[in-house]
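*Asks:*
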Amino acid sequence: RRDGKEQLIKKIEQDAHDNEVMYWGCARAVLDALQRHLNLGDSEVFRAASPLAGGVGRMGEACGALIAGVMAIGLAYAPAKFAAEKVSREDPEYTEAIVRAHKFCEKFKEKFGCLRCHDVKAAVRGVHYKEYTRRDTIEAFEDHAKCGDVTGPAARLAAEIILQPTELFRAEIDAALEDLSQVRKQRKD
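Residue numbers are given in the working numbering: position 186 of the sequence shown equals residue 1066, and the series is strictly consecutive.
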């Protein structure tokens, strides 16, 4: 069983890498691999990830591969709608999605040293491209395959978090729910 899980994670990682190299679009590359292999979401979710490439609309901000991993965690664990008469933070499903997303972001930052697209690109390429000058765009294009070195590991990290049992996150989920309960109780007193 463990071998099957590891093989699945390796396939997700490889597909996310290959998607980026072949088709471009880091968020879509990661999300497609996670969606196909873990049966998450639909084509509308995939389409929604399209403008996240290049750090959201090529602004170099939050890494699209990171955002796609968080989206996949949300698809796997977050509730599909607001819980009646509860703020989101009182909903155990919502809280579990947040806890898992936080863990994913920590792991991503451990791997790449940052969460911001331009900084991630500089870390894997060894150089920072502005991407809006003609020369930098050509050099970045020629160096593009290295983005697969981000999408593959990002998809792997997200898959590992998604496939972990809830019990591994139970203490953090319960603590977050208890903290909110205490705050509400103090406000009533």
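No residue lacks a Cβ here, since even glycine has one placed at the ideal position from N, Cα and C.
Let me check understanding here. Comparing Cα to Cα, which of E986, A909, R1036 lies closest to L871?
*Replies:* Outside the displayed span of the chain (881 to 1069) sits residue 871, for which this structure offers no information.
*Asks:* Where do the ends of the alpha helix (DSSP H) carrying E1052 lie?
*Replies:* 1050-1068
*Asks:* Evaluate A958 with the Cβ neighbour count: other Cβ atoms within 10 Å of its Cβ, from every protein chain shown; 16 or more gives buried, anything less gives exposed.
*Replies:* buried
*Asks:* Hey, could you find the ends of the alpha helix (DSSP H) Q915 is sitting in?
*Replies:* 906-918
*Asks:* Which residues in the same chain have their Cβ closer than 6 Å to the Cβ of L946, if we skip the five residues on either side of it in sequence?
*Replies:* Only F988, L995 meet the Cβ criterion.
*Asks:* Secondary structure at A1038, three-state DSSP: helix, strand or coil?
*Replies:* helix
*Asks:* Determine the burial state of K885: buried for a count of at least 16 other Cβ atoms within 10 Å of its Cβ, exposed for fewer.
*Replies:* exposed
*Asks:* Terminal residues of the continuous alpha helix (DSSP H) containing S923?
*Replies:* 923-929
*Asks:* Quick one: residues in its chain with C-beta nearer than 8 Å to the C-beta of C985, no 5 flanking neighbours on either side, listed in chain order?
*Replies:* L946, V950, L995
*Asks:* Does the stretch 893-901 touch the stretch 1027-1045, meaning 3 or more C-beta pairs lie closer than 8 Å?
*Replies:* yes
*Asks:* Using C-beta distances below 6 Å, list every residue in its chain close to E893, excluding the 5 sequence neighbours before and after it, in chain order.
*Replies:* G1032, A1035, R1036
*Asks:* If contacts are defined as beta-carbon pairs under 8 Å, then G944 and G954 qualify, I think. What distance do you get, rounded to the angstrom?
*Replies:* G944 to G954, Cβ: 15 Å. No contact.
*Asks:* Just verifying my parser: in three-state terms, what is the DSSP assignment at R1005?
*Replies:* helix
*Asks:* Suppose you measure from the CA of E941 to the CA of K1068; what does that come to, to the nearest Å?
*Replies:* 40 Å
*Asks:* Quick check on the DSSP output: the alpha helix (DSSP H) that includes E986 runs from which residue to which?
*Replies:* 972-992
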